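Notes for the one structure printed next.
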Amino acid sequence: MINTENAVVLLIDVQGKLAQKVVGSEELHQKVAQLLRGCEHFDVPVVWVEQLPEKLGATTSALADLMPNNTPIAKHTFSAFAEPQVEQMLNSLNRKQVILCGIETHICVYQTACDLLRQHYHVHLVTDATSSCHPAHHQSGIAMMQQHGAWITVVEALLFEWQQHAGGSDFKAFLSLIK
1 MINTENAVVL LIDVQGKLAQ KVVGSEELHQ KVAQLLRGCE HFDVPVVWVE
51 QLPEKLGATT SALADLMPNN TPIAKHTFSA FAEPQVEQML NSLNRKQVIL
101 CGIETHICVY QTACDLLRQH YHVHLVTDAT SSCHPAHHQS GIAMMQQHGA
151 WITVVEALLF EWQQHAGGSD FKAFLSLIK
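So in full-length UniProt numbering, the last one in the sequence shown is 179, and the numbering has no gaps at all.
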């Protein structure tokens, strides 16, 4: 089970024109936004990275606006974990369950997952909050990460896992995340 006390979300490269070109761009944005709202609700930290932002552009405003107290980390490597600042931040948070979302599934998300797994993190890939420019690349990336030991989930399953129970005012607030 993914525990809110031990989890961190790593948002990878949903930026610039590429964020509009990936398969299911609109749904990707909706699912990442839903996940980010869930992080706020459950107090799960988000580490946010951008690939070469000076060339590829910034994170789409619809997502950046959901993280007003957070600053993106610029990266030049495909793997976010290969960026020293990301590794330091994850180490300082001392959370071993890393939840991955972003683009592209078969490149930056995949290489990040492999590096995290090598360092004994528990990697959870949120498949409906990841994408690539071609459906086959997205599916291939998912399969490769699963073969390496990543757990596969979707946003709604993850949020219900964090919630753990029904009833009460907290559950009503939670349901607003799902709708």
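Quick reminder that beta carbons are idealized off the backbone N, C-alpha and C, glycines included. In this text, all values refer to a predicted model and were calculated from it rather than measured experimentally.
Exercise. Should residue 31 go down as buried or exposed, given a rule of 16 or more other Cβ atoms within 10 Å for buried?
Worked result: Under this definition residue 31 is a buried residue.
Problem set entry | Element boundaries [beta strand (DSSP E), containing residue 124] | 122 to 131
Exercise. If you scan the region 72 to 105 from start to end, which runs of the alpha helix (DSSP H) of 4 or more residues do you find wholly inside it?
Worked result: Within the region 72 to 105, the runs of alpha helix (DSSP H) that reach at least 4 residues and sit entirely inside it are, in chain order, 84 to 93.
For this session: Return the bridge partner residues of residue 153 from the DSSP annotation.
Result: 126.
Problem set entry | Cβ shell of residue 125 (< 6 Å), same chain only, five flanking positions each side left out | 100, 145, 150 and 152
Exercise. Taking the alpha-carbon positions, what's the residue 10 to residue 165 distance?
Worked result: 25 Å
Problem set entry | Alpha carbon of residue 98 to alpha carbon of residue 63, nearest angstrom | 19 Å
For this session: Report buried or exposed for residue 173, applying the criterion of at least 16 other Cβ atoms within 10 angstroms of its Cβ.
Result: exposed
For this session: Helix, strand or coil for residue 15, going by three-state DSSP, please let me know.
Result: strand
Exercise. Just checking, does the region 126 to 133 make contact with the region 50 to 66 on the three C-beta pairs under 8 Å criterion?
Worked result: no
Exercise. For residue 169, does the count of other Cβ atoms within 10 angstroms reach 16, so buried, or fall short, so exposed?
Worked result: exposed
Exercise. Got a sec, what are the start and stop residues for the alpha helix (DSSP H) residue 109 sits in?
Worked result: Note, residue 109: premise wrong, no alpha helix (DSSP H); not H, not E.
Exercise. For residue 14 versus residue 60, is the C-beta spacing smaller than 8 Å?
Worked result: yes
For this session: On a CA-only basis, which of 92, 68 and 114 is nearest residue 148? Give me that one, please.
Result: From the listed residues 92, 68 and 114, the smallest Cα separation to residue 148 is found for 114.
For this session: Can you have a look at residue 28 and say buried or exposed, based on whether 16 or more other CB atoms are within 10 angstroms of its CB?
Result: buried
Exercise. Identify the residues that DSSP records as bridge partners of residue 50: which are they?
Worked result: 74
Exercise. Rounded to a whole number of angstroms, what is the C-alpha to C-alpha distance between residue 2 and residue 21?
Worked result: For residue 2 and residue 21, the distance between alpha carbons rounds to 31 Å.
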